[in-house]
Amino acid sequence: MSRLPLSIQAIESTCCVNVPTPKKKIAYSTWMWILTYLTYCSYHLSRKPISVVKNVLNQNCSNMTSPFQTNDSHWCDWKPFDGDDSATLLGTVDSSFLFAYAAGMFISGIIAERVDLRLFLSFGMIFSGIFCGMFGLGHAFGIHQLWFYILAQILCGLMQTTGWPGVVTALGNWFGKGKRGLIFGIWNSHTSVGNILGTLIAAAFVTKNWTLSFIIPGIIIASVGVLVLFFMVPEPSFVGLPNPNMKKDPEGVSPPPRRRMRADHTWASEETAALLDDDSPNVSYIEKDKKMESELISTDTKEEKAITFIGALRIPGVIEFSMCLFFAKLVSYTFLYWLPNYIANNTPSYSAEESADLSTFFDVGGIIGGIMAGVISDFSGMSASTCAVMLIFAIPMLFIYQLLSSASLGLSIFLLIVVGLLVNGPYALITTAVSADLGTHDSLRGNAKALATVTAIIDGTGSIGAAVGPLIAGPVSELDWNYVFYMLMVADVLALLLLTRLVINELRQWRQRRRQNYHHSL
1 MSRLPLSIQA
11 IESTCCVNVP
21 TPKKKIAYST
31 WMWILTYLTY
41 CSYHLSRKPI
51 SVVKNVLNQN
61 CSNMTSPFQT
71 NDSHWCDWKP
81 FDGDDSATLL
91 GTVDSSFLFA
101 YAAGMFISGI
111 IAERVDLRLF
121 LSFGMIFSGI
131 FCGMFGLGHA
141 FGIHQLWFYI
151 LAQILCGLMQ
161 TTGWPGVVTA
171 LGNWFGKGKR
181 GLIFGIWNSH
191 TSVGNILGTL
201 IAAAFVTKNW
211 TLSFIIPGII
221 IASVGVLVLF
231 FMVPEPSFVG
241 LPNPNMKKDP
251 EGVSPPPRRR
261 MRADHTWASE
271 ETAALLDDDS
281 PNVSYIEKDK
291 KMESELISTD
301 TKEEKAITFI
311 GALRIPGVIE
321 FSMCLFFAKL
331 VSYTFLYWLP
341 NYIANNTPSY
351 SAEESADLST
361 FFDVGGIIGG
371 IMAGVISDFS
381 GMSASTCAVM
391 LIFAIPMLFI
401 YQLLSSASLG
411 LSIFLLIVVG
421 LLVNGPYALI
431 TTAVSADLGT
441 HDSLRGNAKA
451 LATVTAIIDG
461 TGSIGAAVGP
471 LIAGPVSELD
481 WNYVFYMLMV
491 ADVLALLLLT
501 RLVINELRQW
511 RQRRRQNYHH
521 SL
């Protein structure tokens, strides 16, 4: 039975019958780029409301006029977040989502390799929308029990784990390694675009009816999930196209011979398999035969086996980049969940909506940083060094932002963009191009089945850091926001140190390439 949705089957049978393979490949890969972009944009859009609504769950009631006579300084807050420990409770709510997300991510990647990505993603998106809306219903039905909000966040966190392994694997199946940093760098702007849209949508309702701050994003992600269900093509082989990751080794040596099918559909022996290699002039007729090409693609796909968890850890660079992402994501997600709250506390004249709107400039910087990191990585071929340089500059910029953010609106916007660029650049590069490169590492012989597991390991480890950051930031901010920024600076230092070995290796290889180029020029 075909694994294509009926809508794509209809397109294949009507519009794509006589379309040349190159044009067909461009059309499908472009569509998959757009669809996966919209998909993960909606995932992040539905995560953002809590950071905006946080400012009305607990706010400065002294700036408001009470409709009744009271001495309660928390009269305007939403129970159970109306006590002096509100920051700790809100940090717990944040971390209930993030710890569930981190734990589920390791399992999600393994599942993603073994099921249809289209069904996997659409299921996760529809239920993510349901559980996102569940949090908002707490306001509609007057629910004041902490466990309800924690449960909503845990369920939403588990469903959100379907997103990253699914979209990275699907996109990695359609794009080879060439210019992957640029392709993924631009594509990864979906994270920041989703954050911006989620912030603006939530902020539009936060002071009027924050139920809608969750319901509207929930409807959006569920709707995109339906779009995925009817129009996603996770693998090129589903529509008779070759996998771009099935390539020769960099040295020009072909992969070990596989058993291939002859034109009469009988299996070739191992001894004669070399005669049927794709580059052999003896089989040029096979390349002209589209039906035979499709059968070869299908054969290669079936022979791929999912990699084990331990096997993925043995891929060079996976552990270092995973641990680096732990600290990089700790910094990024502390901003994601606490930046509007920090702005509101640091600049009391700003309302909850204004603080949320201002925080979006951090994500504007994130878009620029992700693209810059991808371009530099493509140009230099040194992804670890690219991350290291951005981390080096991020550390002093965090201190400068904390020192000068309240000086003026213009300066605050500029600093937010620069900090967002430097903080999210390494995070974006590691979670996209680096994960995809490691998941299709040369040692795997082009087996794209490893991509979901590698992506899940790297992002899952990073997600633990993402959970730890906001959890610590809550109680620490009650002491002094300066301490939160010191914590973030230390995290970036540790992220930088974890890349040391990879940076040294990249510099050594760079020197060797320069020597070789010098000798060749003589």
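Position 120 of the sequence shown, counted from 1, bears residue number 120 in full-length UniProt numbering, the numbering being contiguous throughout. We put the CB at the ideal spot given by N, CA and C, even for glycine. For clarity, every value in this text was computed on a predicted model and none was experimentally measured.
Between Lys54 and Leu241, the CB-CB gap reaches or exceeds 8 Å. With contacts defined by Cβ atoms closer than 8 Å, Pro470 and Asp94 form a contacting pair. Ile50 sits in a helix when the DSSP states are folded into three classes.
A straight line joining the alpha-carbon of Gly138 with that of Leu409 spans about 35 Å. Membership of Ile315 in any alpha helix (DSSP H) is not indicated, and neither H nor E is assigned to it by DSSP.
When DSSP states are grouped into helix, strand and coil, Leu4 belongs to the coil group. Spatial neighbours of Phe120 in its own chain (CB-CB distance under 8 Å, excluding positions within 5 residues in sequence) are listed in chain order as Ile111, Ala112, Thr162 and Gly166. Look at Thr207 here: in three-state DSSP terms it is coil, with no helix or strand label.
At least 8 Å separates the beta-carbon of Gly474 from that of Ala103. Put simply, the backbone Cα of Gly109 is about 14 Å away from that of Ser322.
A Cβ-Cβ contact shorter than 8 Å links Trp164 with Asp459. The three-state secondary structure of Thr162, taken from DSSP, is coil. CA-CA distance, Asp357 to Asp116, rounds to 38 Å. A residue is called buried once 16 or more other Cβ atoms fall within 10 Å of its Cβ, and Leu403, having fewer, is exposed. Ranked by Cα distance from Glu235, the options Pro20, Thr36, Met489 and Arg515 are led by Thr36.
Excluding its 5 nearest sequence neighbours in each direction, Val364 has C-beta neighbours in its own chain below 6 Å: Ile417, listed in chain order.
For Ala407, there is no enclosing alpha helix (DSSP H), as DSSP marks it with neither H nor E.
In this structure, Gly157 keeps its C-beta atom at 8 Å or more from the C-beta atom of Phe214.
Counting the other Cβ atoms within 10 Å of the Cβ of Ile504 gives fewer than 16, which makes it exposed.
Where Leu496 is concerned, the enclosing alpha helix (DSSP H) starts and stops at Trp481 to Leu498. Contact check for Leu422 and Ala495: beta-carbon distance about 12 Å, past the 8 Å limit, so the pair fails to qualify. Between Ile11 and the set Val168, Phe231 and Gln509, the nearest pair of CA atoms involves Phe231. Taking the Cβ atoms as the reference, Ser383 lies roughly 12 Å from Leu325, outside the contact range of under 8 Å. The beta carbon of Asn243 sits closer than 6 Å to those of Pro236, all from its chain and outside the five residues before and after it, given in chain order. Boundaries cannot be given for His144, as no alpha helix (DSSP H) includes it and DSSP labels it neither H nor E.
Restricting attention to Gln160, Tyr486, Tyr40 and Arg47, the CA atom closest to the CA of Leu171 is found in Tyr40.
DSSP, reduced to helix, strand and coil, places Pro22 within a helical segment of the structure shown. Counting the other CB atoms within 10 Å of its CB gives His190 a total of 16 or more, which places it among the buried residues. Nearest neighbour of Met372 by Cα position, chosen from Ile186, Pro5, Trp75 and Ile8, turns out to be Ile186.
Rounded to whole angstroms, the gap between the alpha carbons of Ser412 and Tyr401 is 8 Å. Per DSSP, Leu358 is one residue of the alpha helix (DSSP H) stretching across Ala352 to Ser380. Just measuring C-alpha positions, the residue of Ala352, Ala394 and Ser385 sitting nearest Gly366 is Ala394.
For Ser96, the enclosing alpha helix (DSSP H) covers residues Ser86 to Ala112.
Judged by DSSP in its simplified three-state form, Met232 adopts coil rather than helix or strand. Looking only at Asn173, Trp147 and Leu155, the smallest Cα-Cα distance to Tyr28 is reached by Asn173.
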